[in-house]
Each structure stands twice: as structure tokens, then as C-alpha cells.
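Below is one structure, written out as C-alpha cells; the observations come after it.
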Amino acid sequence: TLAATSLYNMLNKTLDRSGAGTATISYTITPRGKEHKPLTRTNMFYSSDSISEKAVDEFYNVIDVLMNNRFINYEISDISVETEVTQDKKTAKLIDASASSTIVSPGDTIVVDVTLEPFRGEKVVKQIFFKVPEDQAVGQYTLEVRGGGEIPLPYVLEKQKYNLTDEILRRLKVHKDFDELYDEIQKTDTNNQIVVEFLEDGISLVDEDGSKSVKKAKLKDVESKPMPGDVKKKIGQEDLGSNKDDDNQIEKTAIDTEYIVQGDGQFTIHVMKPADRDKALAKRVKEVKNQIKMEHKLELEDQSKKDKSSKKDVKKSDKQDTKTPDKKDESKVNDTNAAE
Numbered sequence: 013t014l015a016a017t018s019l020y021n022m023l024n025k026t027l028d029r030s031g032a033g034t035a036t037i038s039y040t041i042t043p044r045g046k047e048h049k050p051l052t053r054t055n056m057f058y059s060s061d062s063i064s065e066k067a068v069d070e071f072y073n074v075i076d077v078l079m080n081n082r083f084i085n086y087e088i089s090d091i092s093v094e095t096e097v098t099q100d101k102k103t104a105k106l107i108d109a110s111a112s113s114t115i116v117s118p119g120d121t122i123v124v125d126v127t128l129e130p131f132r133g134e135k136v137v138k139q140i141f142f143k144v145p146e147d148q149a150v151g152q153y154t155l156e157v158r159g160g161g162e163i164p165l166p167y168v169l170e171k172q173k174y175n176l177t178d179e180i181l182r183r184l185k186v187h188k189d190f191d192e193l194y195d196e197i198q199k200t201d202t203n204n205q206i207v208v209e210f211l212e213d214g215i216s217l218v219d220e221d222g223s224k225s226v227k228k229a230k231l232k233d234v235e236s237k238p239m240p241g242d243v244k245k246k247i248g249q250e251d252l253g254s255n256k257d258d259d260n261q262i263e264k265t266a267i268d269t270e271y272i273v274q275g276d277g278q279f280t281i282h283v284m285k286p287a288d289r290d291k292a293l294a295k296r297v298k299e300v301k302n303q304i305k306m307e308h309k310l311e312l313e314d315q316s317k318k319d320k321s322s323k324k325d326v327k328k329s330d331k332q333d334t335k336t337p338d339k340k341d342e343s344k345v346n347d348t349n350a351a352e
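In the working numbering, the protein residues as written are 13 to 352.
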């Protein structure tokens, strides 16, 4: 489109070349009329060879989806774009994460400390507060911590294992109306975010019997051919549950950073009733205390052995000193005998 081409040319002029770099793009798309609010998004992009092309991709796709959606005639009245471009590589690896507790109850807050390692920079720690949904069912769950542009590893492995194509996965999602499509575009994760979320219960892209087909109960709602305007979702954002209401949203929390965040990790979270949680936590505290006591006991025993060994060495040294007379004293004795 003309808008995407204009943005591409502007980025090239800003960089004075089409090469490597990091770009932050903020754009607002205003439709004609007052039925729909302007759509505003900000995202970060990095490319090692052509940042201009990389940064334009999302912008072009969003305009294409809006104008060619299958619900309404979406006419654009105005587009405003702000860009910040640098030749620096503003990326960071997610190298570690820790959770305040892996035993929780519905409504509890899990504090997640995430360690990022920026490209050729010092490590930084970001803190995210994830609230367990009040209506979360009791059970064991996987808590995913990832960069906003990353696909959760379990989904990637499933896709590779069963050779599922992007086309199949894209068809799994059918938006019920324009508002749902619009809301999804606006809320889609950005590359510079750290996202903490529960992966879907019993997550799988395949049937329970291990067959290659994706859950058939969901496929009955899929159109035979993809329609223009259907958003291509990341695998991790697909609604693959056969018995779940489409309105049920997976709980997640996200924070913005100054880097494009790469990598992900998972925790196993046990959601229990408050009474069971308290018992489990008390048991864990007791186990930790016993472990500390045992470690302290072993340290004392080790130190005691070292002390005994040291005392034995001192005694051996004293005995050797007693048995061996001083040579100077022997000389004096010999001289006295000679004089006599």
C-alpha cells in the first residue's frame, strides 16, 4: 500500500541506508465515522540486514487486515506514524526467571523475577506480578514466561512433531465479528514485552490418541478457504480447546521493556484450595528447615574432623621436637667434656 511504501522510504532516509538496526514504530489508524475508535499500536523491531523491511511488515499487515476484513467496509481517514531508529542492536536474552511460589490458590499473586542479558550489556532484572485468576480450577499448570514476540516452546515442539503447517493453524481461528478482530489486533503482544501466562490446560495441537489431525471438534467451525482479513495468529494464541467458550481468555500479564526480548521458560504451578496450599507450604518450610539443619550439622562434623586432624599434626610435631636435641646444645656438652 501507499502508506507502507511511505513508511519504508521514511525509514530508509532516517537510516540513510537499508541496513541493520532497531526501530520503534508507533502508529495510529483513524477510520471514517465514529463507530470505531482509532487503532494505536507501538512495537519494536530488529533486523541484521534490512530494518526498513522488517519494521514495515506489521504495519502493512494491519492495514491489509482492516481494509480487507470480511465484516464491514473499513475506510481509513487518517494514518499517523512516529518512528525512532538506531543502528544499535537493542535485543536482550531471557536467561533466568524465578517465581515467589509455585504452590498457590486462586486469587494469589506470583512475583516473577526475570533476568535479561542485553546484547553486549549488563544483566538487568525485571519484576512481573501475575495474579492467579479467582476462578482458576485446582490442578497443575504450566506458567510460561516469554518475550512478547516468542512462541511458547511447547507449541513449537508440537508443531514440529506433527508437521502442522501455518495454514492449518491459521484456519483454526474464526473471528465472530469485527470488534473481536479489532480488539485482537490492538492487544496482540509486542516484541519488547515480557509476558507471563498460563498455558492452556492439557495443551496440545493434536488429538489425545496422537493422530496427526488437529482437534476435530474445533475444525467444524473452520471455513473451507481462508478469507482476507483473517489475522494470522501465533500458535501460542490459538484457541484449541474443543469444549471451551471462545470468550474465555487465558490469564496473562505483560510489561514493556526497552529491549526486544528473546527466549522463554516455564514453571510448574500447583493451584490448590487455601487450606491445602497452607499445608503444602508449611510442609515445604519444614523440609527446608530440616535441610538447613542437616547441612549445618554436616558442616560442624566436617569442621570437627578438620580440628582433630590439626591437633594430631600438632602433637606429632611436638614429639619430633622432644626427640631431636638442639645441635647447639650438643656442641656445648662436647666442649665441656673436652675441657675436663
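Beta carbons: idealized from backbone N, C-alpha and C, even for Gly.
Cβ shell of residue i (< 8 angstroms), same chain only, five flanking positions each side left out
i: Ser321; result: none
i: Gly31; result: Asp61, Ser62, Ile63, Gln99
i: Met284; result: Ile115, Val116, Ser117, Val150, Ala292
i: Gln315; result: none
Beta-carbon proximity of residue i to residue j, cut-off 8 angstroms
i: Thr95; j: Thr36; result: yes
i: Val273; j: Leu106; result: yes
i: Glu87; j: Pro130; result: no
i: Lys138; j: Val126; result: yes
i: Ile267; j: Gln198; result: no
i: Thr280; j: Thr114; result: yes
i: Lys143; j: Glu270; result: no
Chain-order list of residues whose beta-carbon lies under 6 angstroms from that of residue i (same chain, five-residue window excluded)
i: Thr202; result: Asn55, Gly160
i: Met79; result: Tyr86
i: Val136; result: Leu128
i: Thr200; result: none
Cα-Cα separation between residue i and residue j, rounded to whole angstroms
i: Val124; j: His282; result: 15 angstroms
i: Asp276; j: Asp319; result: 48 angstroms
i: Ala229; j: His187; result: Note on Ala229: pLDDT 27, under 50, position unreliable in the model; the coordinate value appears next. The alpha-carbon atoms of Ala229 and His187 are separated by roughly 17 angstroms.
i: Ser89; j: Leu51; result: 12 angstroms
i: Met306; j: Glu313; result: 10 angstroms
i: Gly119; j: Gln152; result: 15 angstroms
i: Lys66; j: Lys301; result: 53 angstroms
i: His308; j: Ala294; result: 21 angstroms
i: Thr265; j: Gln278; result: 15 angstroms
i: Asp69; j: Glu162; result: 17 angstroms
i: Glu192; j: Asn85; result: 16 angstroms
i: Pro286; j: Thr34; result: 47 angstroms
i: Gln303; j: Phe141; result: 29 angstroms
i: Glu212; j: Ala109; result: 20 angstroms
i: Glu134; j: Phe57; result: 21 angstroms
i: Val93; j: Lys46; result: 21 angstroms
i: Asp76; j: His48; result: 17 angstroms
i: Phe210; j: Glu299; result: 28 angstroms
i: Arg132; j: Ile41; result: 36 angstroms
i: Ser59; j: Val97; result: 11 angstroms
i: Glu311; j: Lys317; result: 10 angstroms
Cβ distance (whole Å) where residue i is taken to contact residue j below 8 angstroms
i: Arg53; j: Tyr39; result: 6 angstroms
i: Val437; j: Arg296; result: Past the edges of the chain, shown from 13 to 352, lies residue 437, and the structure says nothing about it.
i: Asp195; j: Phe83; result: Not really, about 13 angstroms apart at Cβ, beyond 8 angstroms.
i: Pro145; j: Glu263; result: 5 angstroms
i: Ala359; j: Leu128; result: Limits of the chain in this structure are 13 at one end and 352 at the other, which puts residue 359 out of reach.
Distance cut-off 7 angstroms: residue i Cβ against heavy atoms of the ligand ZN
i: Ser59; result: Because no ligand of any kind appears in the structure shown, any question about the ligand ZN cannot be addressed here.
Residue i at chain B interface by Cβ criterion, 8 angstroms
i: Ser117; result: Going by chain labels, chain B is absent from the structure shown, which holds only one protein chain.
Own chain partners of residue i with C-beta closer than 7 angstroms, once the 5 adjacent residues on each side are dropped
i: Asp147; result: Pro118
Could you tell me which whole alpha helix (DSSP H) segments of length 4 or greater appear in the region 32 to 96? Runs found: 63 to 79.
Entirely enclosed beta strand (DSSP E) segments - the region 94 to 158, minimum 3 residues: Within the region 94 to 158, the complete beta strand (DSSP E) segments at least 3 residues long are 103 to 111, 121 to 130, 136 to 143, listed from N- to C-terminus.
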